[in-house]
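Start counting the sequence shown at 25; every next residue gets the next number (my numbering).
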Amino acid sequence: MSKLNQIIPILGYTKLSDELFLGRLNAFYIGTNGNAAYPNPPMDMNAFKADIDSYSRLITQALDGRKKAISEKKKKREALTQSLRLLGRYVEIMCKNDMPTFLSSGFEAASRMRTQRRRCRQPRLLRSHTVAVVNCW
25 MSKLNQIIPI
35 LGYTKLSDEL
45 FLGRLNAFYI
55 GTNGNAAYPN
65 PPMDMNAFKA
75 DIDSYSRLIT
85 QALDGRKKAI
95 SEKKKKREAL
105 TQSLRLLGRY
115 VEIMCKNDMP
125 TFLSSGFEAA
135 SRMRTQRRRC
145 RQPRLLRSHT
155 VAVVNCW
């Protein structure tokens, strides 16, 4: 029995800058709005676009450093992140494990490859004239 390799979207956007996050939002909107593979998105796409435009304005307003503008921008980003999680799961289900269909949504697939941890050999004690230094190769 073979194991099904489910396509899973990358949903971790917390470390992206505001500008890159905005670019990803626009890519998701363009990729899913009107796409025949995703006929009934879990949210109103016009409202989603309005939220994206609002977030773009808040980014500009927050550049002057006002606390209220920065706070509103953070709240809007959190709301959009939740919307992206919902939209990402919808795309994951509706693509039916077809990579071209999945990629047409604007989402990126998470890697299924696991990297092995490198083991550090026993530390060697190197002596210098004044200080003992421990290195790991």
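Where is the CB? At the ideal position from N, CA and C, for every residue including glycine.
No experiment lies behind these values; they were computed from the predicted model shown.
Check whether the segment 100–116 touches the segment 43–58, taking contact to mean three or more Cβ pairs, one atom from each stretch, closer than 8 Å.
yes
Name the DSSP bridge partner or partners of Ala-133?
Here residue 133 corresponds to residue number 109 of the sequence shown, with the count starting at 1. Answer is Pro-33.
Here's the rule: buried if 16 or more other CB atoms are within 10 angstroms of the residue's CB, otherwise exposed. What is Gly-112?
Counting from one through the sequence shown, the residue named residue 112 turns up at place 88. Label assigned to Gly-112: buried.
Leu-82 (DSSP reduced to helix, strand or coil)
The sequence position of residue 82 within the sequence shown is 58, counting from 1. Three-state result, Leu-82: helix.
Length of the line joining the Cα atoms of Ser-41 and Ile-83:
Locating residue 41 in the sequence shown gives position 17, where the first residue counts as 1. Locating residue 83 in the sequence shown gives position 59, where the first residue counts as 1. Using only the alpha carbons, I get a separation of about 11 Å.
Quick check: Val-115 and Thr-56, are their CB atoms within less than 8 Å of each other?
Here residue 115 refers to the residue found at position 91 of the sequence shown. Here residue 56 refers to the residue found at position 32 of the sequence shown. In contact: Val-115 and Thr-56 (Cβ atoms closer than 8 Å).
For Asn-59 and Asp-122, I'd like the C-alpha separation in whole angstroms.
Within the sequence shown, the letter at position 35 stands for residue 59. Within the sequence shown, the letter at position 98 stands for residue 122. Computed Cα separation, rounded: 15 Å.
Taking the C-alpha atoms as reference points, what is the distance between Arg-101 and Asn-29?
On the sequence shown, residue 101 is found 77 positions in, with the first residue counted as 1. On the sequence shown, residue 29 is found 5 positions in, with the first residue counted as 1. Cα-Cα distance, rounded: 31 Å.
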